[in-house]
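Asker: Per my numbering: the sequence shown = residues 1 to 190. Mind having a look at this structure? Questions to follow.
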Amino acid sequence: MKILPCRAPENTNHNRGFTLLESLIILAVIGILISLAIPSVQGLMRNASLTARANATLALLMQARQRAVYERRPVIIEASEGSFAGAMRVFVDLDEDGQFSEPDTLLTELEAAPGSLHAQAQPALNSTSIRFDPTGMLAEAPIQMLLLCGDGWASENDDRYARTVIVHGAGRAEIVRGSALFGGCAGALP
1 MKILPCRAPE NTNHNRGFTL LESLIILAVI GILISLAIPS VQGLMRNASL TARANATLAL
61 LMQARQRAVY ERRPVIIEAS EGSFAGAMRV FVDLDEDGQF SEPDTLLTEL EAAPGSLHAQ
121 AQPALNSTSI RFDPTGMLAE APIQMLLLCG DGWASENDDR YARTVIVHGA GRAEIVRGSA
181 LFGGCAGALP
């Protein structure tokens with residue numbers, strides 16, 4: 001049996017890199033993939049922002065309700081800038097006048113949401129505050145809802161990112177995804 005020596009290929013001066021055409025095709029494919037990923041990232045950021053604000057609002061509501069029962073006094077969550085997207089403060093209403101004044105005890109404050117978020121309260125009985133009575137129940141309405149949406153949202157696709165914070169008459173609060181209870185973000189917000 002004869003063993004043949006291993007030979008190098010005949011064309012040894014061939015470069016094994018990419019051609020210009022192959023490089024352009026790869027760049028085009030990468031560009032298409034990035035353009036598809038950017039809307040997903042924007043939706044993810046929008047969702048995270050609204051979820052964070054809704055969770056912070058829910059925590060504030062639960063704290064206010066617990067404090068009302070503990071103190072056996074009315075506790076109010078007040079939107080200090082006229083909207084629940086703005087800063088909110090929670091206080092024990094010692095003089096029971098419904099306003100934050102000298103004898104009242106400030107419990108906590110929540111900073112304003114980013115400028116791209118908007119909030120709408122419903123019903124409009126007293127749309128700048130939510131009041132818990134000493135038993136932990138809502139004092140002024142059988143139900144209170146807050147809609148959190150983004151700036152300039154008008155399409156049905158945007159509404160799926162919205163959050164509705166619902167406070168039931170018994171004081172229990174929950175977060176619902178979407179804005180169907182308000183008829184959509186476009187119709188509910190100014």
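Glycine residues also receive a C-beta, built at the ideal position from the N, C-alpha and C atoms. In this text, all values refer to a predicted model and were calculated from it rather than measured experimentally.
Rounded to whole angstroms, what is the Cα-Cα separation between A141 and R131?
Answerer: Locating residue 141 in the sequence shown gives position 141, counting from the first residue. Locating residue 131 in the sequence shown gives position 131, counting from the first residue. Using only the alpha carbons, I get a separation of about 9 Å.
Asker: Report the residue from F18, A37, L21 and Q66 whose alpha carbon sits nearest the alpha carbon of A173.
Answerer: The residue given as residue 173 occupies position 173 in the sequence shown. Of the listed residues, the one whose Cα sits closest to A173 is Q66.
Asker: Please state whether DSSP places I3 in a helix, a strand or coil.
Answerer: Here residue 3 refers to the residue found at position 3 of the sequence shown. Note: I3 maps to coil in three-state DSSP.
Asker: If the criterion is Cβ atoms closer than 8 Å, does the pair Y161 and L50 meet it?
Answerer: Here residue 161 refers to the residue found at position 161 when the sequence shown is read from its first residue. Here residue 50 refers to the residue found at position 50 when the sequence shown is read from its first residue. Yes; because the gap between Cβ atoms is below 8 Å, this pair is in contact.
Asker: By Cβ distance below 8 Å, which residues in the same chain neighbour G82 in space, the five residues on each side in sequence not counted?
Answerer: Taking the first residue of the sequence shown as position 1, residue 82 is located at position 82. Taking C-beta separations shorter than 8 Å and ignoring five residues to either side along the sequence, the partners of G82 in its chain run T128, following chain order.
Asker: Name the one or two DSSP bridge partners that V75 has.
Answerer: Taking the sequence shown and counting its residues from 1, one reaches residue 75 at position 75. Bridge partners of V75: V92 and F132.
Asker: Identify whether G150 lies in helix, strand or coil by the three-state DSSP scheme.
Answerer: Position 150 of the sequence shown, counting from 1, holds the residue named residue 150. Here G150 sits in strand by DSSP.
Asker: Can you find at least 3 beta carbon pairs, one from the segment 14 to 31 and one from the segment 71 to 91, that sit closer than 8 Å?
Answerer: no
Asker: Let me know the secondary structure DSSP gives Q99 once reduced to three states.
Answerer: By one-based count along the sequence shown, residue 99 stands at place 99. In this structure, Q99 counts as coil in the three-state DSSP scheme.
Asker: In three-state terms, what does DSSP make of R65?
Answerer: As a first step, residue 65 must be located in the sequence shown, where it is residue number 65. DSSP places R65 in helix when its eight states are reduced to three.
Asker: Would you please state the rounded distance, in angstroms, between the beta carbons of L138 and V167? I believe it to be under 8 Å.
Answerer: Here the question's residue 138 lines up with position 138 in the sequence shown. Here the question's residue 167 lines up with position 167 in the sequence shown. Indeed they touch by this definition, with Cβ atoms about 6 Å apart.
Asker: Alpha carbon to alpha carbon, how far is I30 from S23?
Answerer: Here residue 30 corresponds to residue number 30 of the sequence shown, with the count starting at 1. Here residue 23 corresponds to residue number 23 of the sequence shown, with the count starting at 1. Their backbone Cα atoms lie some 11 Å apart in a straight line.
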